[in-house]
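J.: So that we are looking at the same thing, I have put the structure below in structure tokens.
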Amino acid sequence: MDAIGRLWIVVLLLGITTPVFSHVTLDYPNGGEVFVTESTITISWHITISHNLLNWDLWYSTAGLGGPWIPIAMDLPAGSAAVNSVHTHDWTIPVEAASPTVWIRVRMDNSGTDYLDVNDGPFCVQSPAPNFVRGDTNGDETVDIADPIGLLTYLFASGFLPCLEAADGNDDGQVDVADPIHILAWLFAPGSPSPAAPFPDCAADPLPESVGCEASMCSP
Numbered sequence: 154m155d156a157i158g159r160l161w162i163v164v165l166l167l168g169i170t171t172p173v174f175s176h177v178t179l180d181y182p183n184g185g186e187v188f189v190t191e192s193t194i195t196i197s198w199h200i201t202i203s204h205n206l207l208n209w210d211l212w213y214s215t216a217g218l219g220g221p222w223i224p225i226a227m228d229l230p231a232g233s234a235a236v237n238s239v240h241t242h243d244w245t246i247p248v249e250a251a252s253p254t255v256w257i258r259v260r261m262d263n264s265g266t267d268y269l270d271v272n273d274g275p276f277c278v279q280s281p282a283p284n285f286v287r288g289d290t291n292g293d294e295t296v297d298i299a300d301p302i303g304l305l306t307y308l309f310a311s312g313f314l315p316c317l318e319a320a321d322g323n324d325d326g327q328v329d330v331a332d333p334i335h336i337l338a339w340l341f342a343p344g345s346p347s348p349a350a351p352f353p354d355c356a357a358d359p360l361p362e363s364v365g366c367e368a369s370m371c372s373p
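With the sequence shown counted from 1, adding 153 to any position gets you the working numbering.
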């Protein structure tokens, strides 16, 4: 085969293997970002090669590029089909999307071949930090005698506490008998140190420890 024949084969192969990811580009998020569930972000993408555009589809995956892909929005209005035209969609991130590796896929729906793109790398979606008042072990938003009693019940009578961070009265990263003692001292021994932040107002732990908190105990 002569050089011209080989050249035509290369051109043909390049045409066959041109990826479906080359006609639309996902711009944001594009990898490395960190978001929180139930927050809203603006997904953006632009057209690199114009087609007879019908609409747009968006999905996300927390399981990798192989999916499964969960719909974000389907049949979004086509808008401009011009090259470099930017398209956006506001997405309120669902709690189910919490994952250290999240991918987004955009599809250009055309009258002919459809084209796709995904973010260059995964981004992270975290659950929001729970809110509580330290020392308020029963979640009634008041630190009183009922809280060390409930904490002692948890420690010695197999009680249940939904937020161990709230029970860690001295904020040493563990829940033990020192915590009800700390709370009782603050309640009944003037001059004793108060529970550590967040206290006395409801908030997230500024220095979260490892004891855990299954759910928010209050609203700021």
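By construction, the Cβ of each residue, glycine as well, lies at the ideal position given by its N, Cα and C atoms. Here the structure is a predicted model, which means the values were calculated and not measured.
What did DSSP end up calling residue 358 once you bin it into helix, strand or coil?
T.: Within the sequence shown, the letter at position 205 stands for residue 358. Coil.
J.: Is the distance from the Cβ of residue 250 to the Cβ of residue 289 below 8 Å?
T.: The count along the sequence shown starts at 1 and reaches residue 250 at position 97. The count along the sequence shown starts at 1 and reaches residue 289 at position 136. No, the Cβ-Cβ distance between residue 250 and residue 289 is not below 8 Å.
J.: Might you give, ordered along the chain, the residues of its own chain that have their beta carbon closer than 8 Å to the beta carbon of residue 315, omitting 5 neighbours on each side?
T.: One-based indexing of the sequence shown puts residue 315 at position 162. Taken in chain order, the residues that qualify are 292, 366, 367, 368 and 370.
J.: So for residue 339, helix, strand or coil by DSSP?
T.: Residue numbering aside, residue 339 sits at position 186 when the sequence shown is read from its first letter. Note: residue 339 maps to helix in three-state DSSP.
J.: Between residue 317 and residue 328, is the Cβ-Cβ spacing less than 8 Å?
T.: Here the question's residue 317 lines up with position 164 in the sequence shown. Here the question's residue 328 lines up with position 175 in the sequence shown. Cβ distance < 8 Å, so residue 317 and residue 328 count as in contact.
J.: Please state the DSSP three-state secondary structure of residue 285.
T.: Against the sequence shown, residue 285 aligns to sequence position 132. Looking at residue 285 - three-state DSSP - the assignment turns out to be strand.
J.: My assumption, with CB atoms under 8 Å, is that residue 301 sits in contact with residue 333. Please give the rounded CB distance.
T.: Position 148 of the sequence shown holds residue 301. Position 180 of the sequence shown holds residue 333. About 4 Å; that satisfies the 8 Å criterion.
J.: I need the DSSP call for residue 255, collapsed to helix, strand or coil.
T.: Against the sequence shown, residue 255 aligns to sequence position 102. Residue 255: strand per DSSP, three-state reduction.
J.: Report the option in 373, 230, 176 and 239 whose CA atom is closest to the CA atom of residue 265.
T.: Translated into positions along the sequence shown, residue 265 becomes position 112. Nearest of 373, 230, 176 and 239 to residue 265, Cα basis: 176.
J.: With a CB to CB cut of under 6 Å and the five nearest residues on each side skipped, what residues in its chain are close to residue 254?
T.: Taking the first residue of the sequence shown as 1, we reach residue 254 at position 101. The answer, listed in chain order, is 275.
J.: Taking the Cβ atom as the reference point for each residue, do residue 208 and residue 272 lie within a distance shorter than 8 Å?
T.: Residue 208 sits at position 55 when you count from the first residue of the sequence shown. Residue 272 sits at position 119 when you count from the first residue of the sequence shown. Contact: no.
J.: Which residue's Cα is closest to the Cα of residue 220: 257, 202, 244 and 188?
T.: The residue labelled residue 220 in the question sits at position 67 within the sequence shown. Ranking 257, 202, 244 and 188 by Cα distance to residue 220 puts 257 first.
J.: Mapping DSSP to helix, strand and coil, what is residue 168?
T.: For the purposes of this step, residue 168 is identified with residue 15 of the sequence shown, where counting begins at 1. For residue 168, the predicted model reports a pLDDT of 39, less than 50, meaning its position is unreliable; a value from the coordinates is still stated below. If DSSP states are grouped into helix, strand and coil, residue 168 belongs with the helices.
J.: Please report the residue range of the alpha helix (DSSP H) in which residue 301 lies.
T.: Your numbering for residue 301 matches position 148 in the sequence shown. Taken as a continuous stretch (DSSP letters only), the alpha helix (DSSP H) holding residue 301 covers 299 to 309.
J.: Express the C-alpha separation of residue 283 and residue 343 in angstroms, rounding to a whole number.
T.: Working through the sequence shown from its first residue, we reach residue 343 at position 190. Working through the sequence shown from its first residue, we reach residue 283 at position 130. Going by the C-alpha atoms only, they are around 30 Å apart.
J.: Going by the beta-carbon positions, is the gap between residue 401 and residue 212 smaller than 8 Å?
T.: A question about residue 401 goes unanswered here, because the residues of the chain that appear run from 154 up to 373.
J.: Need the endpoints of the alpha helix (DSSP H) that residue 317 sits in, please.
T.: To locate residue 317, count along the sequence shown from 1; it is residue 164. Element bounds for residue 317: 317 to 320.
J.: Run through DSSP, which three-state label would residue 140 get?
T.: Any question about residue 140 goes unanswered here, given that the chain covers just 154 to 373.
J.: Roughly how many angstroms separate the alpha carbons of residue 202 and residue 267, rounded to a whole number?
T.: Numbered from 1 along the sequence shown, position 49 holds the residue referred to as residue 202. Numbered from 1 along the sequence shown, position 114 holds the residue referred to as residue 267. Using only the alpha carbons, I get a separation of about 12 Å.
J.: Looking at the secondary structure, which residues open and close the beta strand (DSSP E) in which residue 222 lies?
T.: As a working mapping, residue 222 is identified with position 69 in the sequence shown. No beta strand (DSSP E) holds residue 222; DSSP gives it neither H nor E.
J.: Only counting the same chain, and skipping five residues up and downstream in sequence, which positions put a Cβ closer than 6 Å to that of residue 234?
T.: In the sequence shown, residue 234 corresponds to position 81, counting from 1. The answer, listed in chain order, is 203 and 206.
J.: In chain order, what residues of the same chain lie with their CB nearer than 6 Å to the CB of residue 305, ignoring the 5 residues before and after it?
T.: Locating residue 305 in the sequence shown gives position 152, counting from the first residue. Contacts found: 333.
J.: Output the residue ranges of the alpha helix (DSSP H) runs that lie fully inside the region 181 to 211 and measure 4 residues or longer, sorted by chain position.
T.: Runs found: none.
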